[in-house]
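A.B. asks: Sharing a structure with you now.
In the working numbering, the protein residues as written are 1 to 519.
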């Protein structure tokens, strides 16, 4: 038996029952209510027949209900399976069977996606589930017997008594789903003990405190956004999420609740810094900004460190590993935020295609050890064997697909994702490097770089650009702007102006990028 998340939740519920654990918009959940409500929902799941290691699907946006469903499943030893609430029926038709989910929790919709409609296209006619539990008005819930409102489900099946499951260290706490660039879902088995240890260590490193309030700009269903929040919860602090990112609301919330820790991406920061009257907002309570998911240009980091006086902690992490390496302005100020060092509780290697270490000065794949490395890709032993290595001490290492330059003094410099390399003529271009340069352009609010086939040069560079206001940006203008900053062959060959870069609270959603509504 190992230490568990509920040890912390139970303790804080006893010590500070009325303290806010989670706030989303104006909805709040206290530590005391968390324990009571997970007991009711957990007992309802058990009465429904959900047992240890059964899978509980969650297709919902950021909400108090999402959080309660996740932890109610964990409380009884079942495995929550968060799914992208933007998923349509085609994506769900792959995810639900692949995860072997027995029940599914949904809301009516998220953004323009009608989740209940997408689910009802599949269930029960094409896929069988024991129950679809809906946080929605009765008028939109299908009449089939497998559908039930969440209120009725808890009223009919729940009680206030529910034991807390005691997991082994390697017990799978949850399954995390990533769609991957091919559209074939990758399903990650997240270990209970390792995930907890990784979040404990990172919270200690960042010196989080019980009086901290953390505001995240990521989604709960992403392992990164969820895990970062847990680092604060383990200290007894308060975590806040937004249902959808809105820059004015974000700044107003920081000011209103005296937020001390904010989580950002470069894209979100660019939007915030471009917000009218940005300088009028009081951000003096913020002491740490926590960055992940995109390349962080030095120009943006410098604004936060030098102008705003906020510590910048930029991390490389992944759903498969938790945090791996960091750039920390408290230690590394003045250097490139893409130069990373390992933490005392992580380790890394830089390897070639044969899994051998590369010499200093060479580029290779980042392979990392953390306590949080997944135990397997669920249902995919071939991919598990390819990506997860076990050393003689029994430690799991993960081959990340991140390309880094191995530098002196234990530094690795991020070069890009191996899957995002654009082979333009005889040159290799890292899409992230081009994006980082575009984000420093004064007319550009957001940018995403990808490739498309070209009959002569193999692949050409395509930049999707969201201008600020009514600004126009041309390829010629970008060529002049890139001059002296990056090599000429890295200038985008094609520029597409869009009203919005499709993002899921900060993370670019490339699978939606070429859809007509964004052109």
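Backbone N, C-alpha and C fix where the C-beta goes; we use that ideal spot for every residue, glycine too.
1. Using a threshold of 6 Å, is the CB atom of residue 91 nearer than that to any non-hydrogen atom of the ligand GTP?
2. Let me know if residue 158 comes out buried or exposed under the rule of 16 or more other beta-carbons within 10 Å of its beta-carbon.
3. Enumerate, from N- to C-terminal direction, the unbroken alpha helix (DSSP H) stretches of 4 or more residues contained entirely within the region 419-507.
4. Name the two residues that bound the continuous beta strand (DSSP E) containing residue 92.
5. Just tell me which of 40, 39, 49, 9 has its CA closest to the CA of residue 31.
6. From the DSSP output, in three-state form, read off residue 230 for me.
7. Determine the direct distance from the alpha carbon of residue 15 to that of residue 181, and round the result to whole angstroms.
8. Taking the runs of the beta strand (DSSP E) that are 3 residues or longer, which of them lie wholly in the region 169-199?
9. Can you give the Cα-Cα distance for residue 210 and residue 68, rounded to whole angstroms?
10. Which residue marks the beginning of the alpha helix (DSSP H) containing residue 532, and which one marks its end?
11. Hey, residue 371 and residue 117: beta-carbon distance below 7 Å or not?
12. Mind checking if residue 13 is an interface residue toward chain D, Cβ cutoff 7 Å exclusive?
13. Does DSSP put residue 65 in a helix, a strand or coil?
14. Residue 57 and residue 104 - do their beta-carbons sit closer together than 7 Å?
15. Return helix, strand or coil for residue 52, following the three-state DSSP convention.
16. Between the Cα of residue 106 and the Cα atoms of 132, 96, 123, 99, which residue gives the shortest distance?
17. Does DSSP put residue 352 in a helix, a strand or coil?
18. Taking a contact to mean a Cβ-Cβ separation below 7 Å, would you say residue 440 touches residue 297 in this structure?
19. Between which residues of its own chain and residue 341 is the CB-CB distance below 7 Å, once the five residues before and five after are set aside?
20. Among 19, 161, 432, 82, whose alpha-carbon lies nearest the alpha-carbon of residue 40?
21. To the nearest angstrom, how far is it from the Cα of residue 318 to the Cα of residue 357?
22. Check the C-beta distance from residue 113 over to residue 219 and give it rounded, since I have them as a contact under 8 Å.
23. Flag this pair as touching only if the region 450-458 and the region 473-480 have three or more C-beta atom pairs under 8 Å; answer yes or no.
24. How far does the beta strand (DSSP E) with residue 271 in it reach, from first residue to last?
25. In chain order, what residues of the same chain lie with their CB nearer than 8 Å to the CB of residue 36, ignoring the 5 residues before and after it?
26. Once you ignore the five residues that flank residue 115 on each side, which residues in its own chain have a CB closer than 7 Å to its CB?
27. At the level of alpha carbons, what is the spacing between residue 369 and residue 287?
28. Taking the alpha-carbon of residue 235 as reference, which of 347, 334, 377, 201 has the nearest alpha-carbon?
29. With burial defined as no fewer than 16 other Cβ atoms inside 10 Å of the residue's Cβ, what is the status of residue 248: buried or exposed?
30. Take the Cβ of residue 185 as the centre, count every other Cβ of all protein chains shown within 10 Å, and call the residue buried at 16 or more, exposed below.
31. Buried or exposed for residue 172, please, with buried defined as at least 16 other CB atoms from any protein chain shown within 10 angstroms of its CB.
32. Taking residue 563 as the reference, which of 419, 474, 415 has the closest Cα?
33. Report the CB separation of residue 491 from residue 444 in whole angstroms; it is logged as a contact under 8 Å.
34. Start and end of the alpha helix (DSSP H) containing residue 382?
35. Taking the Cβ atom as the reference point for each residue, do residue 353 and residue 406 lie within a distance shorter than 7 Å?
36. Using a Cβ-Cβ cutoff of less than 6 Å, which residues in the same chain neighbour residue 193 once the five nearest sequence positions on both sides are dropped?
C.D. replies: Once the coordinates are examined:
1. No copy of the ligand GTP appears in this structure; indeed no ligand is present at all.
2. Here residue 158 refers to the residue found at position 158 when the chain shown is read from its first residue. Here residue 158 is buried: its Cβ has 16 or more other Cβ atoms, across all protein chains shown, within 10 Å.
3. The qualifying runs are 431-438, 475-482.
4. Taking the chain shown and counting its residues from 1, one reaches residue 92 at position 92. Run containing residue 92: none in the beta strand (DSSP E); it sits in the alpha helix (DSSP H), 89-99.
5. Numbered from 1 along the chain shown, position 31 holds the residue referred to as residue 31. Out of 40, 39, 49, 9, 9 has the C-alpha closest to the C-alpha of residue 31.
6. Taking the chain shown and counting its residues from 1, one reaches residue 230 at position 230. Looking at residue 230 - three-state DSSP - the assignment turns out to be helix.
7. For the purposes of this step, residue 181 is taken as the residue at position 181 of the chain shown. For the purposes of this step, residue 15 is taken as the residue at position 15 of the chain shown. Reliability of the predicted coordinates at residue 181 is poor, the pLDDT of 44 falling under 50, and no value is obtained from them.
8. Here the runs fully enclosed are 172-178, 186-191.
9. Here residue 210 refers to the residue found at position 210 when the chain shown is read from its first residue. Here residue 68 refers to the residue found at position 68 when the chain shown is read from its first residue. Looking at the two C-alpha atoms, the distance is approximately 21 Å.
10. As shown, the chain starts at 1 and ends at 519. That puts residue 532 outside it, with no answer to give.
11. Numbered from its first residue, the chain shown carries residue 371 at position 371. Numbered from its first residue, the chain shown carries residue 117 at position 117. Result no, Cβ atoms of residue 371 and residue 117 do not sit closer than 7 Å.
12. Included in the structure is just one protein chain, with no chain D present.
13. As a working note, residue 65 is residue 65 in the chain shown. Looking at residue 65 - three-state DSSP - the assignment turns out to be helix.
14. As a working mapping, residue 104 is identified with position 104 in the chain shown. As a working mapping, residue 57 is identified with position 57 in the chain shown. In contact: residue 104 and residue 57 (Cβ atoms closer than 7 Å).
15. Here residue 52 corresponds to residue number 52 of the chain shown, with the count starting at 1. Coil.
16. Mapped onto the chain shown, residue 106 falls at position 106. When the alpha-carbon of residue 106 is set against those of 132, 96, 123, 99, the nearest one is in 132.
17. In the chain shown, residue 352 corresponds to position 352, counting from 1. Coil, per DSSP.
18. Here the question's residue 440 lines up with position 440 in the chain shown. Here the question's residue 297 lines up with position 297 in the chain shown. A contact, by the Cβ cut-off of 7 Å.
19. By one-based count along the chain shown, residue 341 stands at place 341. Taken in chain order, the residues that qualify are 325, 326, 410, 411.
20. The count along the chain shown starts at 1 and reaches residue 40 at position 40. Taking residue 40 as reference, the option from 19, 161, 432, 82 with the minimal CA-CA separation is 161.
21. To locate residue 318, count along the chain shown from 1; it is residue 318. To locate residue 357, count along the chain shown from 1; it is residue 357. Residue 318 and residue 357: Cα-Cα distance of roughly 21 Å.
22. Here residue 113 refers to the residue found at position 113 when the chain shown is read from its first residue. Here residue 219 refers to the residue found at position 219 when the chain shown is read from its first residue. Wrong, their Cβ atoms sit about 13 Å apart, outside the cutoff.
23. No: the two stretches stay apart, fewer than three of their Cβ pairs being nearer than 8 Å.
24. The sequence position of residue 271 within the chain shown is 271, counting from 1. No beta strand (DSSP E) holds residue 271; the alpha helix (DSSP H) holding it covers 266-273.
25. Taking the first residue of the chain shown as position 1, residue 36 is located at position 36. Correct list, in chain order: 160.
26. One-based indexing of the chain shown puts residue 115 at position 115. Excluding sequence neighbours, residue 115 sits near 59, 85, 106, 107, 108, 109.
27. Within the chain shown, numbered from 1, the residue matching residue 369 stands at position 369. Within the chain shown, numbered from 1, the residue matching residue 287 stands at position 287. If you take the alpha carbons of residue 369 and residue 287, they lie about 29 Å apart.
28. In the chain shown, residue 235 corresponds to position 235, counting from 1. Nearest of 347, 334, 377, 201 to residue 235, Cα basis: 201.
29. Translated into the one-based positions of the chain shown, residue 248 becomes position 248. Here residue 248 is exposed: its Cβ has fewer than 16 other Cβ atoms, across all protein chains shown, within 10 Å.
30. Here residue 185 refers to the residue found at position 185 of the chain shown. With 16 or more other Cβ atoms within 10 Å, it is buried.
31. If you number the chain shown from 1, residue 172 lands on position 172. Buried is the call here.
32. In the structure displayed, the chain extends from 1 to 519; residue 563 sits before or after that span and is not available.
33. The residue labelled residue 491 in the question sits at position 491 within the chain shown. The residue labelled residue 444 in the question sits at position 444 within the chain shown. That belief does not hold up - the Cβ atoms of residue 491 and residue 444 are roughly 14 Å apart, past 8 Å.
34. Taking the first residue of the chain shown as position 1, residue 382 is located at position 382. Going by DSSP, residue 382 is part of the alpha helix (DSSP H) stretching over 381-387.
35. Stepping through the chain shown from its first residue, residue 353 is reached at position 353. Stepping through the chain shown from its first residue, residue 406 is reached at position 406. Against a cut-off of 7 Å, the Cβ pair of residue 406 and residue 353 comes out as no contact.
36. Here residue 193 refers to the residue found at position 193 when the chain shown is read from its first residue. The beta carbon of residue 193 lies closer than 6 Å to those of 2, 169 in the same chain, with the five residues before and after it left out.
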